[in-house]
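Asker:
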Amino acid sequence: MPSSPPSKAYNSLAPAFVELALPVPLDGAFTYSVPVELAGARTLQPGLRVRAPWGARTMTGVIVAVRDAPPADFPADRIRPLSAVLEETPAVEAPVLEMVRWTASYYQAPLGEVMRCALPPGSNQEPKRRRRAAIAAAPAWEARPRVTNLNSSQRAALAAIEDGADCRPLLLHGVTGSGKTAVYIAAIAAALARGESALLLVPEIGLTPALFADFEAAFPGLVAVLHSGLAEGERTRHWQRLRSGEARVAIGTRSAVFAPVQKLGLILVDEEHDASFKQQEAPRYHGRDLAVLRAKLTRARIVLGSATPSLESFAHARAGKYRLFTIAERVEQRPLPAVRLVDMGAEFRRSAEEAQPGRRRGEHEELLSAELRAAIEDRLQRGQQSLLLINRRGFAPVVLCRACGASVMCRDCSLALTYHKRAARLLCHLCGYSVEPPKTCPACGSEHLYFVGSGSEKVEETLVALWPMARIARLDRDTARSRRHFEQTLAKFRAGALDILVGTQMIAKGHDLPGVTLVGVLHADLGLAFPDFRAAERTFQLLTQVAGRAGRGAEPGEVLLQVIHAGHYAVEAAVTGDFAAFYEKEANFRRWLHYPPFAALAVAQLRHRDYDRVLAYATQAGQFLREHAAAYPAIRILGPSPALLARAKNAYRFQFLFKAESRRSLHALLAELRAFARARNFPATALTLDVDPLNL
Numbered sequence: 015m016p017s018s019p020p021s022k023a024y025n026s027l028a029p030a031f032v033e034l035a036l037p038v039p040l041d042g043a044f045t046y047s048v049p050v051e052l053a054g055a056r057t058l059q060p061g062l063r064v065r066a067p068w069g070a071r072t073m074t075g076v077i078v079a080v081r082d083a084p085p086a087d088f089p090a091d092r093i094r095p096l097s098a099v100l101e102e103t104p105a106v107e108a109p110v111l112e113m114v115r116w117t118a119s120y121y122q123a124p125l126g127e128v129m130r131c132a133l134p135p136g137s138n139q140e141p142k143r144r145r146r147a148a149i150a151a152a153p154a155w156e157a158r159p160r161v162t163n164l165n166s167s168q169r170a171a172l173a174a175i176e177d178g179a180d181c182r183p184l185l186l187h188g189v190t191g192s193g194k195t196a197v198y199i200a201a202i203a204a205a206l207a208r209g210e211s212a213l214l215l216v217p218e219i220g221l222t223p224a225l226f227a228d229f230e231a232a233f234p235g236l237v238a239v240l241h242s243g244l245a246e247g248e249r250t251r252h253w254q255r256l257r258s259g260e261a262r263v264a265i266g267t268r269s270a271v272f273a274p275v276q277k278l279g280l281i282l283v284d285e286e287h288d289a290s291f292k293q294q295e296a297p298r299y300h301g302r303d304l305a306v307l308r309a310k311l312t313r314a315r316i317v318l319g320s321a322t323p324s325l326e327s328f329a330h331a332r333a334g335k336y337r338l339f340t341i342a343e344r345v346e347q348r349p350l351p352a353v354r355l356v357d358m359g360a361e362f363r364r365s366a367e368e369a370q371p372g373r374r375r376g377e378h379e380e381l382l383s384a385e386l387r388a389a390i391e392d393r394l395q396r397g398q399q400s401l402l403l404i405n406r407r408g409f410a411p412v413v414l415c416r417a418c419g420a421s422v423m424c425r426d427c428s429l430a431l432t433y434h435k436r437a438a439r440l441l442c443h444l445c446g447y448s449v450e451p452p453k454t455c456p457a458c459g460s461e462h463l464y465f466v467g468s469g470s471e472k473v474e475e476t477l478v479a480l481w482p483m484a485r486i487a488r489l490d491r492d493t494a495r496s497r498r499h500f501e502q503t504l505a506k507f508r509a510g511a512l513d514i515l516v517g518t519q520m521i522a523k524g525h526d527l528p529g530v531t532l533v534g535v536l537h538a539d540l541g542l543a544f545p546d547f548r549a550a551e552r553t554f555q556l557l558t559q560v561a562g563r564a565g566r567g568a569e570p571g572e573v574l575l576q577v578i579h580a581g582h583y584a585v586e587a588a589v590t591g592d593f594a595a596f597y598e599k600e601a602n603f604r605r606w607l608h609y610p611p612f613a614a615l616a617v618a619q620l621r622h623r624d625y626d627r628v629l630a631y632a633t634q635a636g637q638f639l640r641e642h643a644a645a646y647p648a649i650r651i652l653g654p655s656p657a658l659l660a661r662a663k664n665a666y667r668f669q670f671l672f673k674a675e676s677r678r679s680l681h682a683l684l685a686e687l688r689a690f691a692r693a694r695n696f697p698a699t700a701l702t703l704d705v706d707p708l709n710l
């Protein structure tokens, strides 16, 4: 990676040169000269933001190195001068700067694109001048509350976190409802009492409002929030409060791992297993793994918390790289919910046998088993709440032609369009393409089109038809387009103003809903059909997490999982709550097929709107990799082959899968592949690399 190590500050009147990270999709840093008037006016050092010309415009960049001389292979008279230095103290401090460099190298990403993650919103515009407040001016805080409220297991977990003699990450494996948030608050209280600050990462924006309320109550005036759902001005204000030291507790999603937290002493990653910590667009970093790196760079304590740890983290604990602490019981000795399977195949056969001649099953019978309907009715009669999960939004996922069997497909993706009844539109859930439902089949012209399958919108309609007097709401990406609506719906549910909440996986993660005594999961084994090696792990995690929403209050909970494949080990482990049994079976499968955590993975994908061109790029890359395979015997190279979605967002896609025993060798080969693509003049967007991918 052609980026430079840190260098000393520079304030001589002699000409100087700086290397900048600029927000462009190109590798490495870019050299600029420093005019005498800028060099003499202030101290130049890595981390400062500056303005520099780029073509016909000016951009904001970050100094990553200061040099006395330009690169030997680049004439000094061709180097352009800086336009301005924007601040006196670095916006990106040394540990974060080092993390940015590491991220760009490890994830094979342009340095400037990674650097953009470490800057406040709007940093490519000229920022307002402001003096940085002294860190010493931050409000004082003494550790008093909450710690005495912990039970014995929570106190033991806190003691494990506080064990400063062991600097390894701590994997906190606590069952759902075990009170991990109370442990987090106590650990932060201890960090603040030592004069340190803390960072809490969560996977979803929807989890931040409740956490902010809890943490602000515990640490008034010291909490800042960072995530992409905030308005630019609000996000910048929180960023500045952290940078000045006014705020000492940061809560945020994955990008908050770059937050300018001062005197960082504690990092907490809640729901560490969650796929949302991995960014799917460039730069494709994993927030949890960068949190571990930042803790190492700053010598901070780090805790990875989850009721369903990722196989990677649990394997690290088994190998001794991480410490492991388990909380096996819920707070106040509340029982875990009783989880039962409902075999929908058996139910269909039974109802068919019992049906009167000529009677067709109603839609509610197709969606909701008799057992689940009876359980919902019982909760309504007793004034208790029910939570229903179907991890598919819309009304019907497929529009099918009875005549020719074709599905109505997206114009720009190899994906079937989903019918959304309220909007009366067909929608692509990948690219957003939308169209009115056709009256005839686009393939054969037949009028015999029908809607197949069910999503959250259809479930809501069915519930309203069955219980018209019940108070029912739905939360999915369609209804929760605004942060306000999402928060208001959850607040109403917590307050008991709703009887039934139906939604997609966003309702399954981390929410404390003490009034819920029944959780029902429709198509609980739906994720097992997905052609991905993580399908079983994701299914186990989702079912365990949503089951954990039941019985968190005074009343015990019950969970009903409607399935077709009742014998799968992921479903069985979710019923028994036996994580260890699931881990052993899944680990054997991964080890046998050389998947993480027993091998390193990377995906190289070629994309282009023209099929012949992307096929040519894939063919050339394949030939290059075959010629170099002998130099990398510890790497298996599979491909090129069409991607799972062979066409997405109007681009055809081919890909290679790399399985490696050595990460060092893998990164060397990926670097060679990038150099080959540049040498062959592939378009900048033609080749994308995903290191440690979550999706294949």
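Numbering (my numbering), first residue to last: 15 to 710. Each residue gets a CB set at the ideal place from its N, CA and C atoms; glycine is no exception.
Could you check the C-alpha separation between Thr195 and Lys277 for me, to the nearest Å?
Answerer: Straight-line measurement puts the Cα of Lys277 at about 22 Å from the Cα of Thr195.
Asker: Would you check if the distance between the CB atom of Ile265 and the CB atom of Val237 is smaller than 8 Å?
Answerer: yes
Asker: Quick one: give me the first and last residue of the alpha helix (DSSP H) that Tyr597 is part of.
Answerer: Its alpha helix (DSSP H) spans residues 593-607.
Asker: Name the two residues that bound the continuous alpha helix (DSSP H) containing Gln294.
Answerer: Taken as a continuous stretch (DSSP letters only), Gln294 belongs to no alpha helix (DSSP H), as it is neither H nor E.
Asker: Could you compute how far the alpha carbon of Gly243 sits from the alpha carbon of Val263?
Answerer: 19 Å
Asker: Sorted by chain position, which residues of the same chain lie with C-beta nearer than 6 Å to Val283's C-beta, five sequence neighbours on each side aside?
Answerer: Leu215, Arg302, Ala305, Leu318
Asker: Out of Ser269, Glu285, Ile316, which one is the CA nearest neighbour of Gln294?
Answerer: Cα-wise, what sits closest to Gln294 is Ser269.
Asker: By the DSSP assignment, the beta strand (DSSP E) with Arg439 in it spans what residues?
Answerer: 439-441
Asker: Short check: CB of Val413 to CB of Leu440, under 8 Å?
Answerer: yes
Asker: List the endpoints of the continuous beta strand (DSSP E) containing Asp357.
Answerer: 352-357
Asker: Do Arg344 and Ser192 count as a contact pair if the criterion is CB distance below 8 Å?
Answerer: yes
Asker: Excluding five sequence neighbours on each side, which residues of the same chain lie with their C-beta closer than 7 Å to the C-beta of Glu385?
Answerer: Val356, Leu574
Asker: How is the beta strand (DSSP E) around Met73 delimited, first residue to last?
Answerer: 71-81
Asker: Do you know whose CA, among Tyr631, Pro656, Glu501, lies nearest Arg694's CA?
Answerer: Tyr631
Asker: Just grab the DSSP bridge partners of Cys415 for me.
Answerer: As DSSP reads the structure, Cys415 sits in a beta bridge with Leu463.
Asker: Quick one: what's got a C-beta closer than 7 Å to Pro39's C-beta in the same chain, skipping five residues either side?
Answerer: Pro124, Glu127, Ala698
Asker: Buried or exposed for Glu286, going by 16 or more other Cβ atoms inside 10 Å?
Answerer: buried
Asker: On the criterion of 16 or more Cβ atoms from any shown chain inside 10 Å, does Pro500 qualify as buried, or is it exposed?
Answerer: Sequence check: residue 500 is Phe here, not Pro. Buried, because 16 or more other Cβ atoms sit within 10 Å of the Cβ of Phe500.
Asker: Just verifying my parser: in three-state terms, what is the DSSP assignment at Ala150?
Answerer: Residue confidence is low: Ala150 scores 34 on pLDDT, short of 50, so the model does not pin down where it sits. Its coordinate-derived value is still stated next. Of the three classes helix, strand and coil, the one that applies to Ala150 here is helix, per DSSP.
Asker: Under 7 Å Cβ to Cβ from Ala580, same chain only, skipping five residues before and after it: list those, please.
Answerer: Leu355, Asp357
Asker: Below 8 Å, how does it come out for the region 650-666 and the region 426-443: are there three or more Cβ pairs, yes or no?
Answerer: yes
Asker: I need the DSSP call for Tyr583, collapsed to helix, strand or coil.
Answerer: helix
Asker: Using a Cβ-Cβ cutoff of less than 6 Å, which residues in the same chain neighbour Phe233 once the five nearest sequence positions on both sides are dropped?
Answerer: Val263
Asker: Taking 8 Å as the cut-off, decide whether the C-beta atoms of Glu598 and Glu551 are in contact.
Answerer: no
Asker: In whole angstroms, what separates the C-alpha of Arg183 from that of Ala342?
Answerer: A quick correction: the sequence has Pro, not Arg, at residue 183. Taking the straight line from one Cα to the other gives about 20 Å.
Asker: Name the one or two DSSP bridge partners that Glu33 has.
Answerer: Thr45, Ala79
Asker: Tell me whether Cys786 is buried or exposed, calling it buried when 16 or more other Cβ atoms sit within 10 Å of its Cβ.
Answerer: A query on residue 786 cannot be resolved here, the shown segment of the chain reaching from 15 to 710 and no further.
Asker: Taking the straight line between their C-alpha atoms, what separation do you get for Gln5 and Leu34?
Answerer: Nothing about residue 5 can be read from this structure; the chain reaches only from 15 to 710.
Asker: DSSP on Ile578, reduced to helix/strand/coil?
Answerer: coil
Asker: Between the Cα of Ala11 and those of Thr558, Ile93, Arg498, Glu686, spot the shortest distance and give me the residue it belongs to.
Answerer: Within the shown structure, residues of the chain are numbered from 15 to 710, placing residue 11 beyond reach of any answer.
Asker: Quick one, are the C-beta atoms of Leu532 and Arg436 less than 8 Å apart?
Answerer: no
Asker: Starting from the Cα of Arg396, find the closest Cα among Leu133, Ala484, Arg251, Lys292 and give me that residue.
Answerer: Nearest Cα to Arg396 within the set Leu133, Ala484, Arg251, Lys292: Ala484.
Asker: When you compare only the Cα positions, how much space is there between His525 and Gly541?
Answerer: Looking at the backbone, the Cα of His525 and that of Gly541 are separated by about 22 Å.
Asker: Exposed or buried, which one is Gln502 when buried takes at least 16 other CB atoms within 10 Å?
Answerer: exposed
Asker: Going by DSSP in three states, Phe281 sits in which element: helix, strand or coil?
Answerer: The sequence given here places Ile at residue 281; Phe does not occur at that position. Three-state result, Ile281: strand.
Asker: Would you mind working out which of Met423, Pro135, Pro109 sits nearest Val78, comparing C-alpha positions?
Answerer: Pro109
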